[in-house]
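Q: Once you've had a glance at the structure underneath, I'll fire off some questions.
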Amino acid sequence: MSDCISPSDLKLAQRLMSFTEAGMPLVDDPWAWLAGRMELPVEETLALLQRLQDSGAIRRIAAVPNHYRLGYTFNGMTVWDVDDEHIDRLGQEVGNFHFVSHCYRRPRREGWRYNLFAMVHGLSAEEIERERDLVRRHLGEHCRADTMLVSSKILKKTGLRIHSKPKE
Amino acid sequence: MTELDDFDRRLLNRLQHGLPLVRHPWQELASELDAPQERIRQRLQELLDDGTLTRFGPMYDIEQLGGAFTLAALSVPEERFDEVARQLDQIAAVAHNYRREHEYNMWFVLATATPQGILDTIGEIEQLTGLSVLNLPKETTYHVGLHFPL
Chain A
1 MSDCISPSDL KLAQRLMSFT EAGMPLVDDP WAWLAGRMEL PVEETLALLQ
51 RLQDSGAIRR IAAVPNHYRL GYTFNGMTVW DVDDEHIDRL GQEVGNFHFV
101 SHCYRRPRRE GWRYNLFAMV HGLSAEEIER ERDLVRRHLG EHCRADTMLV
151 SSKILKKTGL RIHSKPKE
Chain B
1 MTELDDFDRR LLNRLQHGLP LVRHPWQELA SELDAPQERI RQRLQELLDD
51 GTLTRFGPMY DIEQLGGAFT LAALSVPEER FDEVARQLDQ IAAVAHNYRR
101 EHEYNMWFVL ATATPQGILD TIGEIEQLTG LSVLNLPKET TYHVGLHFPL
């Protein structure tokens with residue numbers, strides 16, 4: 001993971017992204033469909049996908065479930081004040097809980113003491129409380145404080161796109 | 001809420017781990033799931049059409065492909081909440097914005113082409129709202145992705 005991708009692959013990846021932003025069609029030969037768009041031979045297209053996946057630029061080629069439609073309507077952003085010397089090990093372990101979708105280390109700030117963020121998902125409010133409790137017990141004495149921020153309203157949701165002109 | 005049968009569950013659980021990068025991926029999936037590849041694709045299309053799946057395709061780590069991102073928050077006085085939400089709505093670099101129940105009650109993601117773009121946008125938000133932005137860029141990624149046991 002995280003080998004740097006070459007400048008030429010970066011250009012190809014950006015083209016690939018523009019062709020697949022809305023997803024790929026469920027055709028018999030998806031690599032041939034992509035190769036046609038990219039104007040590359042199929043084998044080269046597949047090799048490019050492999051390189052991008054090996055480097056982590058593509059996480060995987062997958063179907064993204066709508067969590068809400070599958071009943072996972074509850075989520076919470078749990079945040080933890082974890083000992084710096086243990087956070088890398090503990091962050092990995094917390095990320096391995098199956099109900100955690102995102103797990104990151106972020107900086108502490110004045111008035112903000114939490115350095116570990118883990119987004120938890122569940123079928124009910126009680127379930128995410130239980131999940132939070134599992135994380136708390138796992139962190140044990142290495143965590144000094146925690147809280148959970150539950151989202152109560154989506155104010156804006158657009159796909160992540162790179163905006164070159166922030167002052168639009 | 002979508003009702004999934006046993007085949008759907010096996011299919012979605014398998015696909016959450018990604019399509020294999022082999023020359024004929026549907027063939028491989030068909031043999032793994034012991035189902036004809038036409039049935040697999042037809043069912044996936046139905047689940048896409050009815051909104052159970054939101055997208056089929058490569059999932060990018062967009063940060064490795066250029067661009068800068070951060071998670072940021074504001075502590076907005078209640079009487080100004082809607083006004084500030086509208087102000088952020090006008091800024092293209094604001095990707096997601098959620099109300100969360102906490103002293104920091106507005107949480108959003110910024111996405112710009114360059115690291116400087118993040119700082120410029122934070123400056124713009126602070127000037128526009130008169131509030132100071134809590135900027136929490138990720139330092140280490142431990143995990144991304146959900147593998148629900150469906």
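Chains A and B supply the protein sequences, listed in that same order.
Using UniProt numbering, you'd call the opening residue of the first sequence number 1 and step up by one each time.
Using UniProt numbering, you'd call the opening residue of the second sequence number 1 and step up by one each time.
Glycine included, C-beta positions come from ideal geometry on N, C-alpha and C.
1) Starting from the Cα of A:LEU90, find the closest Cα among A:ALA118, A:GLU43 and A:ALA35 and give me that residue.
2) For the alpha helix (DSSP H) containing B:PHE7, list its first residue and its last residue.
3) Going by the beta-carbon positions, is the gap between A:CYS4 and A:ASP81 smaller than 8 Å?
4) Since A:LEU48 and B:THR52 are thought to touch, with beta carbons under 8 Å apart, how far apart are those beta carbons, to the nearest angstrom?
5) To which residues of the same chain is A:LEU134 closer than 8 Å at the C-beta, ignoring the five residues directly before and after it?
6) Looking at A:VAL42 and A:ALA32, is the spacing between their C-beta atoms short of 8 Å?
7) Over what stretch of residues does the beta strand (DSSP E) that includes A:TRP112 continue unbroken?
8) Taking A:PRO30 as the reference, give the member of A:ILE61, A:ARG137, A:ASP54 and A:ILE87 with the closest Cα.
9) On the CB-based measure, 16 or more other CB atoms within 10 Å of its CB, does B:PRO58 come out buried or exposed?
10) Against chain A, which members of the stretch 41–68 of chain B pass a CB distance test of less than 7 Å?
11) Work out the CA separation of B:ASP82 and A:SER152 for me, nearest whole Å.
12) For A:HIS86, which residues in chain B fall below 9 Å Cβ to Cβ?
13) For B:VAL144, name the three-state secondary structure that DSSP assigns.
14) Looking at chain A, which residues of the stretch 87–99 of chain B have a Cβ within less than 8 Å of any of its Cβ atoms?
15) In whole angstroms, what is the alpha-carbon distance linking B:GLN127 and B:ALA85?
16) Does chain B have any CB closer than 8 Å to the CB of A:ASP83?
17) With 8 Å set as the bound, which would you pick, yes or no: does the beta-carbon of B:LEU74 sit closer than that to a beta-carbon of chain A?
18) Could you tell me whether the Cβ atoms of A:ARG108 and A:LEU116 are closer together than 8 Å?
19) Which residues of chain A have a Cβ atom closer than 8 Å to the Cβ of B:GLN127, listed in chain order?
20) For A:ASP133, does the three-state DSSP call read helix, strand or coil?
21) So A:VAL100 and B:HIS24 are supposed to be a Cβ contact under 8 Å. How far apart are they, rounded?
22) Please report the residue range of the beta strand (DSSP E) in which A:LEU149 lies.
23) Which parts of the stretch 90–114 of chain B are runs of the beta strand (DSSP E), unbroken and 3 residues or longer, counting only runs that do not cross its ends?
24) At the level of alpha carbons, what is the spacing between A:SER124 and A:VAL94?
25) Let me check understanding here. Comparing Cα to Cα, which of A:PRO25, A:GLU126 and A:LYS11 lies closest to A:THR73?
26) Less than 8 Å between the beta carbons of A:VAL150 and B:GLU124, yes or no?
27) Using the Cβ count rule (16 or more neighbours within 10 Å means buried), how would you classify A:VAL27?
28) In the DSSP assignment, what are the bridge partners of A:PRO65?
29) Using a Cβ-Cβ distance cut-off of 8 Å, determine whether A:PRO7 contacts chain B.
30) Ordered along the chain, which non-local residues of its own chain (more than five positions away) have a Cβ less than 7 Å from that of A:ARG113?
31) Does the ligand SAH have even one heavy atom less than 7 Å from the beta-carbon of A:GLY140?
32) Quick one: grab the DSSP three-state call for B:PHE69.
33) Are there 16 or more other CB atoms within 10 angstroms of the CB of A:GLY36, so buried, or fewer, so exposed?
34) Of all Cβ atoms in chain A, is any one closer than 8 Å to the Cβ of B:VAL133?
A: Working from what's here:
1) Residue 90 of chain A sits at position 90 when you count from the first residue of the first sequence. That would be A:ALA118, whose Cα lies nearest to the Cα of A:LEU90.
2) In the second sequence, residue 7 of chain B corresponds to position 7, counting from 1. Counting along the chain, the alpha helix (DSSP H) containing B:PHE7 begins and ends at 6–15.
3) The count along the first sequence starts at 1 and reaches residue 4 of chain A at position 4. The count along the first sequence starts at 1 and reaches residue 81 of chain A at position 81. It is not a contact, given that the beta carbons lie outside the stated cut-off.
4) Within the first sequence, numbered from 1, the residue matching residue 48 of chain A stands at position 48. Within the second sequence, numbered from 1, the residue matching residue 52 of chain B stands at position 52. Rounded, the Cβ-Cβ distance is 30 Å, inconsistent with contact.
5) For the purposes of this step, residue 134 of chain A is identified with residue 134 of the first sequence, where counting begins at 1. Closer than 8 Å at Cβ, skipping near neighbours: PHE97.
6) For the purposes of this step, residue 32 of chain A is taken as residue 32 along the first sequence, with counting starting at 1. For the purposes of this step, residue 42 of chain A is taken as residue 42 along the first sequence, with counting starting at 1. Yes. Within cutoff.
7) For the purposes of this step, residue 112 of chain A is taken as residue 112 along the first sequence, with counting starting at 1. Run containing A:TRP112: none; DSSP gives neither H nor E here.
8) Reading the first sequence from its first residue, position 30 is the one you call residue 30 of chain A. Residue A:ILE61 is the option with its Cα nearest to A:PRO30.
9) Taking the first residue of the second sequence as position 1, residue 58 of chain B is located at position 58. Buried, because 16 or more other Cβ atoms sit within 10 Å of the Cβ of B:PRO58.
10) ARG41, LEU44, GLN45, GLY51, THR52, LEU53, THR54, ARG55, PHE56, GLY57, PRO58, MET59, TYR60, ASP61, ILE62, GLN64, LEU65, GLY66 and GLY67
11) For the purposes of this step, residue 152 of chain A is identified with residue 152 of the first sequence, where counting begins at 1. For the purposes of this step, residue 82 of chain B is identified with residue 82 of the second sequence, where counting begins at 1. So the alpha carbons of these two residues sit roughly 14 Å apart.
12) The sequence position of residue 86 of chain A within the first sequence is 86, counting from 1. Correct list: empty, because the minimum Cβ distance to chain B is about 13 Å.
13) Taking the second sequence and counting its residues from 1, the one referred to as residue 144 of chain B is at position 144. Three-state result, B:VAL144: strand.
14) LEU88, ASP89, ILE91, ALA92, ALA93, VAL94, ALA95, HIS96, ASN97, TYR98 and ARG99
15) Residue numbering aside, residue 127 of chain B sits at position 127 when the second sequence is read from its first letter. Residue numbering aside, residue 85 of chain B sits at position 85 when the second sequence is read from its first letter. Cα-Cα distance, rounded: 15 Å.
16) Translated into the one-based positions of the first sequence, residue 83 of chain A becomes position 83. No, no contact with chain B.
17) Here residue 74 of chain B corresponds to residue number 74 of the second sequence, with the count starting at 1. Judged by the 8 Å Cβ criterion, B:LEU74 is not in contact with chain A.
18) What you label residue 108 of chain A is simply residue 108 of the first sequence in a count that begins at 1. What you label residue 116 of chain A is simply residue 116 of the first sequence in a count that begins at 1. No; because the gap between Cβ atoms is not below 8 Å, this pair is not in contact.
19) Here the question's residue 127 of chain B lines up with position 127 in the second sequence. Near B:GLN127 there are no residues of chain A at all, since even the closest Cβ is about 11 Å away, more than 8 Å.
20) Position 133 of the first sequence, counting from 1, holds the residue named residue 133 of chain A. Helix at A:ASP133.
21) Taking the first sequence and counting its residues from 1, one reaches residue 100 of chain A at position 100. Taking the second sequence and counting its residues from 1, one reaches residue 24 of chain B at position 24. No, A:VAL100 and B:HIS24 are not in contact; Cβ-Cβ is about 34 Å, not under 8 Å.
22) Position 149 of the first sequence, counted from the first residue, corresponds to residue 149 of chain A. Note, A:LEU149: beta strand (DSSP E), 143–149.
23) 94–100 and 106–112
24) In the first sequence, the residue the question calls residue 124 of chain A occupies position 124. In the first sequence, the residue the question calls residue 94 of chain A occupies position 94. Rounded to whole angstroms, A:SER124 to A:VAL94 spans 20 Å at the Cα level.
25) Against the first sequence, residue 73 of chain A aligns to sequence position 73. Among A:PRO25, A:GLU126 and A:LYS11, the Cα nearest to that of A:THR73 belongs to A:GLU126.
26) Counting from 1 along the first sequence, the entry for residue 150 of chain A is found at position 150. Counting from 1 along the second sequence, the entry for residue 124 of chain B is found at position 124. It is not a contact, given that the beta carbons lie outside the stated cut-off.
27) In the first sequence, residue 27 of chain A corresponds to position 27, counting from 1. Exposed, since its Cβ has fewer than 16 Cβ neighbours within 10 Å.
28) To locate residue 65 of chain A, count along the first sequence from 1; it is residue 65. According to DSSP, which records beta bridges pairwise, A:PRO65 is partnered with B:LEU53.
29) Residue numbering aside, residue 7 of chain A sits at position 7 when the first sequence is read from its first letter. Answer no: the Cβ-Cβ gap between A:PRO7 and chain B never drops below 8 Å.
30) One-based indexing of the first sequence puts residue 113 of chain A at position 113. Counting only Cβ-Cβ distances below 7 Å, and skipping sequence neighbours, we find ASP81 and ALA145.
31) The ligand SAH is not part of this structure, which contains no ligands at all.
32) Here the question's residue 69 of chain B lines up with position 69 in the second sequence. The answer is strand: DSSP assigns B:PHE69 an E or B state.
33) To locate residue 36 of chain A, count along the first sequence from 1; it is residue 36. It counts as exposed.
34) Start at 1 with the first residue of the second sequence, and residue 133 of chain B comes out as number 133. It does not: the Cβ of B:VAL133 has no partner Cβ on chain A nearer than 8 Å.
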